[in-house]
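Some notes on the structure that comes next.
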Amino acid sequence: MMDRYKLTPLFERQDLNGECINLLNQEWPRSYASREHSQKKSCRASPPMSFLFIENNSDRLIGHARICLIPNRPKACWIESVVVEKNSRGIGLGKLLMTLLEKAVKKFGFGEAYLCTEDQVIFYERCGYIRCAPILHHSTAAAPFLSANSMFKEPTLEDRSGSDSVCLSSNNVRKTTLPEISPSLAPPPPAICLREIGFEPGVSSGHQYMWKKLV
């Protein structure tokens, strides 16, 4: 099966970028312009970069994946936006995509790969990944627990919004003056119980972080 498909950097097949945008938007709807803008950022010859999963005979786009850098981990990469078109699922192409992606990752000198998934833990375990604690990566430096990645769930914070970013003009914000509260009268903050809010090591808001040693 492997010789029937190939993984090609987006920057080498920019003619397929329109199809790629449509494929991504089928799973994680955004405006075309917003998606096009984000794809331009990963249309590169080195990470962060997008890859296209293509059927050789028909030159048909089957899937997509993106790799990114991880701060302070020069030998590790972050995998996100992994998707296979709906009509090609269930026949092992997702695992093949990951196999080809890991080969490409190792060519850049990475020895480890991290990702985050909401509902595809079993799939990634079959690909050799194990559960791990959350880590900071390039798209979640400010909010590491709001990012997700899976076969069918968008990974990045901007994609989880489902719409274009909203910018509030300072002219439209009404300033409200709140009455001052004496520190002696202010009630103490409630104690936080991690167990009550469902926090577990490696799990954040239902998203499981995973890791694999690339050999």
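According to UniProt numbering, the stretch in the sequence shown is residues 1 to 215, in order.
Each residue gets a CB set at the ideal place from its N, CA and C atoms; glycine is no exception.
Note that the structure is a prediction, hence the values are computed from the model and not measured.
query: Going along the chain, which residues of its own chain have a beta-carbon closer than 7 Å to the beta-carbon of LEU61, five neighbours each way excluded?
result: LEU16, GLU19, CYS20, LEU23, LEU52 and ILE54
message: Can you give me the C-alpha to C-alpha distance between SER58 and LEU7, rounded to a whole angstrom?
response: 14 Å
message: Need the endpoints of the beta strand (DSSP E) that GLU112 sits in, please.
response: 112-117
Cβ neighbours of GLY128 in the same chain (closer than 7 Å, five flanking residues each side left out): LYS212
- prompt: Pick from LYS86, GLY92 and ARG73: whose alpha carbon is nearest that of ALA113?
  reply: ARG73
- prompt: When every heavy atom of the ligand MN is checked, does at least one fall within less than 6 Å of the C-beta of GLU125?
  reply: Summarising the ligand content, the structure contains no ligands, and the ligand MN is consequently not present.
field: DSSP-derived helix/strand/coil call for ARG44
entry: coil
- prompt: Hey, would you say LEU101 sits closer than 7 Å to ALA45, going by beta carbons?
  reply: no
field: Beta-carbon proximity of PRO96 to VAL84, cut-off 7 Å
entry: The sequence as given places Leu at residue 96; Pro does not occur at that position. No.
query: Which residue spans inside the stretch 69-114 form an unbroken beta strand (DSSP E) run of at least 3?
result: 76-84
query: Any idea if LEU178 is buried or exposed, counting beta-carbon neighbours within 10 angstroms, 16 or more meaning buried?
result: Annotation note: pLDDT 43 at LEU178 (below 50); position unreliable, no value reported.
Straight-line gap, GLY90 to PHE123 (C-alpha atoms, nearest Å): 11 Å
- request: Go to ILE54, then tell me how far its beta strand (DSSP E) extends in each direction, as first and last residue.
  value: 49-55
- request: Please confirm whether CYS43 and LEU10 have their CB atoms less than 7 Å apart.
  value: yes
query: From ARG30 to MET210, what does the alpha carbon distance come to, in whole angstroms?
result: 26 Å
task: In angstroms with no decimal places, state the Cα-to-Cα distance between GLN39 and GLU27.
output: 15 Å
message: Can you tell me whether ARG35 is helix, strand or coil according to DSSP?
response: helix
- request: Could you check what DSSP says for GLN208 in three-state terms: helix, strand or coil?
  value: strand
Buried versus exposed call for ALA76 [16 or more other C-beta atoms within 10 Å across all chains shown]: buried
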